[in-house]
Amino acid sequence: MTAAFVAGADVPLKRRLKRAERTRQFRALGLVLPLLVFLLFTFVVPLAGMIWKSVDDWEVPQVLPQTVAALEQWNGRGLPEEGAFAALAADIRTAREAGTLAIAAKRLNYVVNGYRTTLLSTARKLKDQPAPGTARETLIGLNPAWGERESWAAIRSASGPVTSYYLLAAVDLTRDADGAIAAAPADQAIYREVFARTFTIGFGVTALCLLLGFPVAYLLANLPTGRSNLLMIFVLLPFWTSLLVRTCAWIVILQSEGIVNGSLQWLGIIDEPLRLIYNRFGVYMAMTHVLLPFMILPLYSVMRSISPAYMRAAASLGAPPATAFLRIYLPQTIPGIGAGCLLVFILAIGYYITPALVGGAADQMISSFIAFYTTETVNWGLASALGAVLLLSTLVLAVVYGKLALGRQTTGGLKN
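Written out as C-alpha cells, the structure reads:
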C-alpha cells in the first residue's frame, strides 16, 4: 500500500518538474527572441535576398514572354523557326508601347555587347514598318544581327526564372552560344585578378597585424593589472574615432608634403618626397592601423589566461628562454592567433573606404566593384554574385578555422 501511494505521488511531481522546465525554457526563449528577430530581419533576410538576386532572371521573360515561349522548342542550332521571329516582333511592339523594352535591352546587353542598340533600333524601325514579307525577312532586313545565332542564344540564356550568368561572370566564366561554360573574353576577365588582389591585401594586413600585435598583447598580458589597463586605453582609442577621420589622418601624414616626407627631408635622408600614398603601401599602413586592435584583443585575452608557472617550470628544468617560449608559451597562444587572424582577415577583405581613399586604381578591392555595380550601373545581379563569392570565401575560411581549432582541442585532450 505504501509503494502504491509513493508511485501515485510521483506522477504529479514529475508533471510539476516538467512544467517548471518548460516554463524555464519559454522564459529563456523570450529573452533571446528579440535578438533572433533582429538578426532575422537585419542579417538573414538581406543575405538571402542578396543570394537570390545573384540568380534571379526576371527581365527578359517579363518583357519578351512570347519570344521566350517560342524559343523553348529551338534546339540552338542555326536560326529559330519563323514563329520565334514573329513572336519577337510582337513582343518588341508591345514592350515599346509599354515602355519596358529598355529593361530587357539592358539585361541582354550584359551577355552581348551592343544588344541594347540592336533591340532599341529595331523597335524604332519596326514601329511603322509595313511587313513586306515574313517576320524573319523583316527583322533581318531591319538589323542583320537577327540573322546571327548568338543574338537568339542570348535571349534563350536569359529566359529565366533563374540564371547562372552572374555567378559565372563573378569568376570570369561565361556560356557560349551552345550553352557550354567557357572562359570570359580577355577584356572582360577582371574579377579573378580583383579577388586575388583582395585576398593578397587581406593576408598582408593580417600578417602585419600579427607581427605588430603579438608583442603588444604579450606586454599587456604580463604587466601588472593597473599599468595593463592604462595601456589598454591606447589600444581601444581608435575605436572611439571615426574610420573616415583615421583614414584622412593617414592622407595628411603620408602625402608628399606630409609629416613623414617632411621629417625625412629635414633629416637629409631623402632629397625628394617618397610616394607613400595612393599605392599599396598606403593601403597596408592605413588598414593595419585600423585593424590592429582586432588582433591585439583576442591575443591579450588568451595570453592573460596562461599561467606564468609554465614558463617558470620550463626554466627550472633547464630550458633556455627562447626554447621555453617557442615550445611552452607560443603553442598556448595559437587559439588567440587563429581568432585574431580570422577576424582581421574577414574584416580586411571587405574594406571599401580605406582603399578607395589611400589606394590607387590598382589597389581597389572587390568591395569597390560591388559598390560600383550597386550605385553606378545598378547591376544588382553582378553585385550580388560578387558578394556571394566573397561570402562563400569567408565561410570556407571560418569552416577551416573551426576544423583546425577542433582538431587542436581533440589532440590536446588526447595528450592530456
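In the UniProt record's numbering, the protein residues as written are 1 to 416. A virtual CB, placed ideally from N, CA and C, is assigned to each residue, including glycine.
- A Cβ-Cβ contact shorter than 8 Å links T122 with L139.
- For A361, no pairing in a beta bridge is given by DSSP.
- Ranking V194, F369, R327 and F85 by CA distance to the CA of T134 puts F85 first.
- In its chain, beyond the 5 residues on either side, I346 have a beta carbon closer than 7 Å to the beta carbon of T394.
- The beta-carbon distance between D57 and P161, rounded to whole angstroms, is 6 Å. This is short enough to meet the 8 Å contact definition.
- For a cut-off of 8 Å, the C-beta gap from R107 to V60 is around 6 Å, short enough to register as a contact.
- Counting only unbroken stretches of 4 or more residues, the alpha helix (DSSP H) elements lying wholly within the stretch 44-99 are 45-53, 59-63, 65-70 and 82-98, in sequence order.
- For R93, the closest of T67, F195, E82 and Y115 by C-alpha to C-alpha distance is T67.
- With a cutoff of 8 Å on beta-carbon distance, G213 and A348 are scored as not near each other.
- Residue environment for G402: exposed (fewer than 16 other C-beta atoms within 10 angstroms of its C-beta).
- Looking at the DSSP output, I181 bridges to R175.
- Judged by beta-carbon spacing, I277 lies beyond the 8 Å limit of V205, meaning their Cβ atoms are not closer than that value.
- Measuring C-alpha to C-alpha distances from N75 to each of A217, T241 and D178 identifies D178 as the nearest.
- Take the alpha-carbon of V260 and the one of L211: they are about 22 Å apart.
- Your pair M303 and T323 does not check out as a contact, with CB atoms roughly 19 Å apart and the cut at 8 Å.
- Cβ-Cβ distances below 6 Å link V216 to I296 in the same chain, with the five nearest sequence neighbours on each side left out; the list follows chain order.
- In the three-state DSSP reduction, V378 falls in the coil class, being neither helix nor strand.
- For G381 against I370, the beta-carbon gap comes to about 12 Å, at or over 8 Å, which does not count as contact.
- Note on geometry: alpha-carbon atoms of S159 and N109 lie some 14 Å from one another.
- Note on the stretch 247-303: whole alpha helix (DSSP H) runs with a minimum of 4 residues are 259-266, in chain order.
- Its chain contains S256 and N261 as the residues whose beta carbon lies nearer than 6 Å to that of P273, once the 5 sequence neighbours on both sides are disregarded; these appear in chain order.
- In its chain, beyond the 5 residues on either side, W380, G381 and S384 have a beta carbon closer than 7 Å to the beta carbon of K53.
- For V162, the secondary structure class from DSSP, reduced to helix, strand or coil, is strand.
- Apart from the 5 residues on each side of it in sequence, L126 sits with its Cβ closer than 7 Å to the Cβ of A89, I92, R93 and L142 in its chain, given in chain order.
- An exposed status is given to V37, since fewer than 16 other beta-carbon atoms sit within 10 Å of its beta-carbon.
- P308 and A315 have their C-alpha atoms spaced approximately 11 Å apart.
- Between the C-alpha atoms of A398 and A339 there is a straight-line separation of about 10 Å.
- Non-local C-beta neighbours of T100 in its own chain, meaning closer than 7 Å and more than five positions away in sequence, comprise V63, ordered along the chain.
- Of C248, I366, E21 and L47, the smallest CA-CA separation from H289 is found for C248.
- Per DSSP, the continuous alpha helix (DSSP H) segment holding E193 begins and ends at Y191 to N222.
- DSSP places Y115 within a helical segment (H, G or I) once states are collapsed to three.
- Boundaries for F325: no alpha helix (DSSP H) harbours it, and the DSSP string shows neither H nor E there.
- Note that the C-beta distance between F294 and V235 is not below 8 Å.
- Non-local beta-carbon contacts of T174 in its own chain, meaning distances under 7 Å to residues more than five positions away in sequence, involve L168, A182 and A184 in chain order.
- Short of 7 Å from the beta carbon of G258, and not among the five residues preceding or following it, lie these beta carbons of its own chain, in chain order: V252.
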